[in-house]
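First comes the structure, then the notes that go with it.
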Amino acid sequence: MKKLFALTVSLLLVGGVLVACTPAVTTPPPTEAPTPTEAPTPTEAPTPTPYIEVDPYAPSVSVPDVVSAYVPGENAAQYYVDAANGSDEGDGSAASPWRTLEHARDTVRALIPSMNGDVVLNLSGEFVLDDTFVLTQADGGANGFDVVYRSADGQQAIVSGGTRVTDWSLHDAEKNIWVASVPEDADTRNFFVNGVRANRASTPDATRIWESRVGRLTTKAHNILSGYTRYGEFYFSTTDTSFLSYAHPEDLELVFAWYWFNPHIPVAAVKALGDDCVTFEIPALADSILIGKRDHAYGKIYNMYESLLRIENAYELLDTPGEFYLDIHSDKLYYIPRDGEDMATADTVLGRLEHLVSAPGSYREIISHIRFDGLTFAYAEWNPVDKQAGYIDIQAGFYKGDGIAQDTAIGVRPSAALTFTFAHNWMITNCTVCHVGNVGIDFGSSTQNVTIAGCHVWDCAAGGIYLGGHSDAVDYRPSKYTIDTVRSTDNAVIDNYIHDIGALFYDSCGIVRGYTYNTLIAYNSIMNVSYDAISAGWGWGHGGLDMNATTDQFKYGVFTGNAIVCNYIFNAPSI
1 MKKLFALTVS
11 LLLVGGVLVA
21 CTPAVTTPPP
31 TEAPTPTEAP
41 TPTEAPTPTP
51 YIEVDPYAPS
61 VSVPDVVSAY
71 VPGENAAQYY
81 VDAANGSDEG
91 DGSAASPWRT
101 LEHARDTVRA
111 LIPSMNGDVV
121 LNLSGEFVLD
131 DTFVLTQADG
141 GANGFDVVYR
151 SADGQQAIVS
161 GGTRVTDWSL
171 HDAEKNIWVA
181 SVPEDADTRN
191 FFVNGVRANR
201 ASTPDATRIW
211 ESRVGRLTTK
221 AHNILSGYTR
231 YGEFYFSTTD
241 TSFLSYAHPE
251 DLELVFAWYW
261 FNPHIPVAAV
271 KALGDDCVTF
281 EIPALADSIL
291 IGKRDHAYGK
301 IYNMYESLLR
311 IENAYELLDT
321 PGEFYLDIHS
331 DKLYYIPRDG
341 EDMATADTVL
351 GRLEHLVSAP
361 GSYREIISHI
371 RFDGLTFAYA
381 EWNPVDKQAG
391 YIDIQAGFYK
401 GDGIAQDTAI
411 GVRPSAALTF
421 TFAHNWMITN
431 CTVCHVGNVG
441 IDFGSSTQNV
451 TIAGCHVWDC
461 AAGGIYLGGH
471 SDAVDYRPSK
481 YTIDTVRSTD
491 NAVIDNYIHD
501 IGALFYDSCG
511 IVRGYTYNTL
521 IAYNSIMNVS
531 YDAISAGWGW
541 GHGGLDMNAT
551 TDQFKYGVFT
561 GNAIVCNYIF
571 NAPSI
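In terms of my numbering, the sequence shown opens at residue 1 and continues consecutively.
Spelled out as structure tokens, the structure:
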């Protein structure tokens with residue numbers, strides 16, 4: 001992975017330490033990261049003031065060298081897992097490898113209490129998961145050693161949550177629409193052809209214009225809907241009556257875009273209004289959340305009906321190469337190939353599992369000493385658009401939902417393909433996470449001594465890497481009796497290549513750092529992000545605290561000992 005020195009961006013950082021580096025180039029930034037010539041000189045972060053009611057906290061943040069690929073030590077106990085040629089009846093040796101990750105995980109548990117070296121699982125082939133691969137406290141290392149999941153030497157192991165689609169046939173020769181059957185439970189907005197993301201069938205995008213009164217990009221949508229206007233509280237109208245003939249208008253979804261605000265709202269009904277007008281009715285709950293969101297964040301200046309970006313998800317909208325429509329009523333997938341795609345030989349995959357790997361720890365169940373090295377994680381699915389509440393984002397991927405979440409300022413944390421909580425002493429190194437319908441990697445509350453380094457995170461429908469929790473009760477106002485356990489501290493996100501982030505949810509960021517202490521974000525290359533490259537900081541007096549109360553409780557700052565150093569950022573528009 002390339003180490004980068006060209007540019008540092010200034011970000012909101014509450015009570016922390018922001019270390020800037022002088023740009024090393026004056027020419028326009030390249031689209032590819034430069035090849036490093038030498039490791040950086042370690043930079044010590046200043047010592048922060050102590051957190052209130054706990055002992056003074058002295059960080060030891062420094063910029064480390066490039067994290068090399070894992071090499072098993074002399075005392076490592078090595079086992080082998082081959083997805084294509086192994087058998088769970090084998091002994092796990094190179095000559096008789098196991099076949100499944102689950103069997104390998106369960107078998108090595110017995111070795112953990114007496115470890116005198118790392119336990120290494122060398123993986124080969126593509127592991128297509130039936131269910132999320134779950135790690136618990138019993139699966140972590142002991143005695144200072146790690147349980148390591150790595151690609152076997154010379155191999156590139158893949159952990160997949162997708163479903164391959166086969167047996168395509170030509171459905172409409174004139175429009176070049178192809179069709180294939182899919183499993184009964186398929187319900188996805190993430191479909192890939194030869195490793196390239198396909199787009200849901202939709203109208204063209206509305207023209208985005210600069211609205212000077214608020215200083216934001218917005219839309220008017222007149223170029224995609226004739227006679228477009230608001231009509232009543234819960235719907236708007238158009239003179240395009242063709243929508244009345246759609247086979248499944250209840251599948252339609254409205255996508256809006258205003259600054260980072262990117263709601264996805266289901267259509268409750270399409271109705272005729274006279275002879276030459278059609279209305280799109282949205283659910284009352286979604287409308288009420290939209291109004292609350294508008295008043296909370298933007299005031300009365302925001303009118304969502306002036307920010308419609310597109311209408312999507314109907315067979316009748318299929319008209320462009322690279323578009324697909326999944327008919328959940330007949331379990332059929334329709335697709336128009338791009339130039340060069342042969343549906344007889346194309347590798348076509350639907351996202352299926354929401355989480356590929358999960359480690360759901362807790363205050364009493366710390367999961368520690370696990371390492372992933374050189375693995376590829378791909379094809380996860382996430383569908384956050386509730387049929388009544390829609391998907392109404394707050395910022396940086398967080399969104400409002402049905403029930404109590406709609407009444408909180410923080411809302412719901414986005415889903416992730418790799419999701420971990422109460423994880424201590426982990427390393428994710430030299431891995432690839434791609435083609436996912438959610439966030440790539442998420443370490444939530446109580447992330448301690450975690451390193452994410454040398455990874456390639458790309459083509460995520462939502463964010464790239466999340467680090468540190470955002471909970472008012474756990475992360476923002478921890479008890480002095482639990483703070484040592486729940487505090488997210490001593491972590492590093494370094495030397496990663498993160499790009500093409502926010503493919504479906506445009507309020508997404510390359511890296512989101514929550515309530516963390518003594519955490520380093522350095523030498524990452526972040527490109528082609530729909531919103532912020534790095535979002536650092538949270539709070540704003542949440543949890544019933546006004547700003548004065550927040551100052552009283554955190555008189556030394558919510559964050560201490562954090563550093564953001566020399567990250568190369570390109571094409572992150574923040575709009």
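In this text, a Cβ means the ideal position worked out from N, Cα and C, and glycines have one as well.
**Expected contact under 8 Å - CB spacing of His369 and Phe145 to nearest Å** = Stepping through the sequence shown from its first residue, residue 369 is reached at position 369. Stepping through the sequence shown from its first residue, residue 145 is reached at position 145. The Cβ separation is near 7 Å, so the contact holds.
**Prompt:** How about Asn518 and Gly561: do their beta carbons lie closer than 8 Å?
**Reply:** Reading the sequence shown from its first residue, position 518 is the one you call residue 518. Reading the sequence shown from its first residue, position 561 is the one you call residue 561. Cβ atoms of Asn518 and Gly561: closer than 8 Å.
**Nearest to Pro113 (by Cα), restricted to the options Ala142, Glu102, Ala269** = Start at 1 with the first residue of the sequence shown, and residue 113 comes out as number 113. The candidate whose alpha carbon is nearest that of Pro113 is Ala142.
**Prompt:** Where does the unbroken beta strand (DSSP E) through Ala104 begin, and where does it stop?
**Reply:** Sequence index remark: in the sequence shown, residue 104 carries index 104 (1-based). Careful: Ala104 lies outside any beta strand (DSSP E), inside the alpha helix (DSSP H) at 101-108.
**Request:** Kindly indicate which three-state DSSP category Val120 falls into: helix, strand or coil?
**Result:** Position 120 of the sequence shown, counted from the first residue, corresponds to residue 120. In the structure shown, Val120 falls within a strand segment according to DSSP collapsed to helix, strand and coil.
**Asked** Hey, how far is the Cα of Pro573 from the Cα of Asp532?
**Response** In the sequence shown, residue 573 corresponds to position 573, counting from 1. In the sequence shown, residue 532 corresponds to position 532, counting from 1. Pro573 and Asp532 have their alpha carbons spaced roughly 7 Å apart.
**Request:** State the CB to CB distance for the pair Pro463 and Val412, rounded to an integer number of angstroms; the pair is presumed to be in contact (CB under 8 Å).
**Result:** Residue numbering aside, residue 463 sits at position 463 when the sequence shown is read from its first letter. Residue numbering aside, residue 412 sits at position 412 when the sequence shown is read from its first letter. Just to set this straight, residue 463 is Gly in the shown sequence, not Pro. In this structure Gly463 does not touch Val412 by the C-beta definition: roughly 13 Å separates them, more than the 8 Å allowed.
**Prompt:** Roughly how many whole angstroms lie between the Cα atoms of His329 and Asn496?
**Reply:** Indexing the sequence shown from 1 puts residue 329 at position 329. Indexing the sequence shown from 1 puts residue 496 at position 496. Rounded to the nearest angstrom, the gap between the Cα atoms of His329 and Asn496 is 41 Å.
**Which listed residue (Ile498, Ala83, Val255, Gly437) has its alpha carbon closest to that of Arg600** = Here the chain has residues from 1 to 575 only, and residue 600 is not among them.
**Item:** Local conformation of Val182 per DSSP, three classes
**Value:** Locating residue 182 in the sequence shown gives position 182, where the first residue counts as 1. It is coil, neither helix nor strand.
**Asked** Any idea if Ser226 is buried or exposed, counting beta-carbon neighbours within 10 angstroms, 16 or more meaning buried?
**Response** Here residue 226 refers to the residue found at position 226 of the sequence shown. Burial is judged here by how many other beta carbons sit within 10 angstroms of a residue's own beta carbon; Ser226 has fewer than 16 and is exposed.
**Message:** Measuring only the C-alpha atoms, how far is Ala152 from Gly140?
**Reply:** Against the sequence shown, residue 152 aligns to sequence position 152. Against the sequence shown, residue 140 aligns to sequence position 140. C-alpha separation (whole angstroms): 20 Å.
**Asked** Taking the alpha-carbon positions, what's the Asp484 to Tyr515 distance?
**Response** In the sequence shown, residue 484 corresponds to position 484, counting from 1. In the sequence shown, residue 515 corresponds to position 515, counting from 1. A direct Cα-Cα distance of roughly 14 Å separates Asp484 from Tyr515.
**Request:** Would you mind giving the Cβ-Cβ distance between Leu308 and Thr219, rounded to the nearest angstrom? I have them listed as a contact below 8 Å.
**Result:** If you number the sequence shown from 1, residue 308 lands on position 308. If you number the sequence shown from 1, residue 219 lands on position 219. Contact between Leu308 and Thr219 holds: their C-beta atoms lie close to 6 Å from each other, under 8 Å.
**Item:** Contact under 8 Å by Cβ, Asn199 with Gly340
**Value:** Within the sequence shown, numbered from 1, the residue matching residue 199 stands at position 199. Within the sequence shown, numbered from 1, the residue matching residue 340 stands at position 340. Cβ atoms of Asn199 and Gly340: not closer than 8 Å.
**Alpha-carbon to alpha-carbon, Trp538 and Gly444** = Residue numbering aside, residue 444 sits at position 444 when the sequence shown is read from its first letter. Residue numbering aside, residue 538 sits at position 538 when the sequence shown is read from its first letter. Cα to Cα, Gly444 sits roughly 14 Å from Trp538.
**Item:** From Asn223, Ala247, Val196, residue whose alpha carbon lies closest to that of Trp458
**Value:** As a working mapping, residue 458 is identified with position 458 in the sequence shown. Considering only alpha carbons, the answer is Val196.
**Request:** Drop a sphere of 10 angstroms on the beta-carbon of Leu356, count the other beta-carbons inside from all chains shown, and report buried for 16 or more, exposed for fewer.
**Result:** Working through the sequence shown from its first residue, we reach residue 356 at position 356. Classification for Leu356: buried.
**Request:** Give me the Cβ distance between Leu577 and Ala314, rounded to the nearest whole Å; I'm assuming they're in contact under 8 Å.
**Result:** Nothing can be reported for residue 577, as the shown portion of the chain is limited to 1 through 575.
**Item:** Pick from Thr447, Ala138, Leu290, Thr132 that is closest to Val586, judged by C-alpha positions
**Value:** Lying outside 1 to 575, the shown extent of the chain, residue 586 is not represented and no answer is given.
**Asked** In this structure, does DSSP put Thr26 in helix, strand or coil?
**Response** Taking the sequence shown and counting its residues from 1, the one referred to as residue 26 is at position 26. Because Thr26 carries a pLDDT of 29, less than 50, the predicted location of this residue cannot be relied on, and the following value inherits that uncertainty. Of the three classes helix, strand and coil, the one that applies to Thr26 here is coil, per DSSP.
**Prompt:** In whole angstroms, what is the alpha-carbon distance linking Leu170 and Asp319?
**Reply:** By one-based count along the sequence shown, residue 170 stands at place 170. By one-based count along the sequence shown, residue 319 stands at place 319. Straight-line Cα distance between these residues: approximately 15 Å.
**Message:** Let me make sure I understand the geometry here. Which of Leu317, Leu135, Asp331 has the alpha-carbon closest to that of Asp187?
**Reply:** Counted from its first residue, the sequence shown places residue 187 at position 187. It is Asp331.
**Top-ranked residue by Cα proximity to Tyr506, from Tyr399, Gln448, Tyr379** = Taking the sequence shown and counting its residues from 1, one reaches residue 506 at position 506. For the set Tyr399, Gln448, Tyr379, the Cα lying nearest the Cα of Tyr506 is the one of Tyr399.
**Request:** Kindly list the residues whose CB is nearer than 6 Å to the CB of Ala453, restricted to its own chain and excluding five residues on each side of it in sequence; keep chain order.
**Result:** As a position in the sequence shown, residue 453 is number 453, starting the count at 1. Answer for Ala453: Val67, Thr429, Ile494, Asp495, listed in chain order.
**Asked** So, are the CB atoms of Leu333 and Val179 less than 8 Å apart?
**Response** Numbered from its first residue, the sequence shown carries residue 333 at position 333. Numbered from its first residue, the sequence shown carries residue 179 at position 179. Note that the C-beta distance between Leu333 and Val179 is below 8 Å.
**Asked** Can you name the start and end residues of the beta strand (DSSP E) that Asp82 belongs to?
**Response** In the sequence shown, counting from the first residue as 1, residue 82 sits at position 82. Annotation: the continuous beta strand (DSSP E) that includes Asp82 extends over 77-82.
**Prompt:** Opposite Cys434 in the DSSP bridges: which residues?
**Reply:** Along the sequence shown, read from residue 1 onward, the residue named residue 434 stands at position 434. For Cys434, DSSP records a beta bridge to Ala378, Trp458.
**Request:** For Val71, count neighbouring Cβ atoms within 10 angstroms of its own Cβ and tell me buried if that reaches 16, exposed if not.
**Result:** As a working mapping, residue 71 is identified with position 71 in the sequence shown. It is exposed - the Cβ of Val71 has fewer than 16 other Cβ atoms within 10 Å.
**Request:** Return the bridge partner residues of Arg164 from the DSSP annotation.
**Result:** Counting from one through the sequence shown, the residue named residue 164 turns up at place 164. Partner residues in the beta bridge of Arg164, as assigned by DSSP, are Val349.
**Request:** Tell whether a beta-carbon distance below 8 Å holds between Ala104 and Val128.
**Result:** As a working note, residue 104 is residue 104 in the sequence shown. As a working note, residue 128 is residue 128 in the sequence shown. In terms of Cβ geometry, Ala104 and Val128 do not form a close pair [threshold 8 Å].
**Prompt:** Less than 8 Å separating the beta-carbons of Ile311 and Thr207?
**Reply:** Taking the first residue of the sequence shown as 1, we reach residue 311 at position 311. Taking the first residue of the sequence shown as 1, we reach residue 207 at position 207. Not closer than 8 Å, so no.
**Request:** Sort Glu126, Val134, Phe133, Tyr79 by Cα distance to Leu111 and report the nearest one.
**Result:** Position 111 of the sequence shown, counting from 1, holds the residue named residue 111. Among Glu126, Val134, Phe133, Tyr79, the Cα nearest to that of Leu111 is on Tyr79.
**Request:** Provide the residue(s) that pair with Glu323 in DSSP beta bridges, ordered along the chain.
**Result:** The residue given as residue 323 occupies position 323 in the sequence shown. For Glu323, DSSP records a beta bridge to Asn199.
**Asked** Could you give the residue range of the alpha helix (DSSP H) that holds Ile576?
**Response** Only positions 1 to 575 of the chain appear in the structure, and residue 576 is not among them; the question remains open.
**Prompt:** Which residue or residues does DSSP assign as beta-bridge partners of Ala527?
**Reply:** Here the question's residue 527 lines up with position 527 in the sequence shown. Reading off the sequence, residue 527 comes out as Met, not Ala. Residue pairing by DSSP puts Met527 in a beta bridge opposite His499, Phe570.
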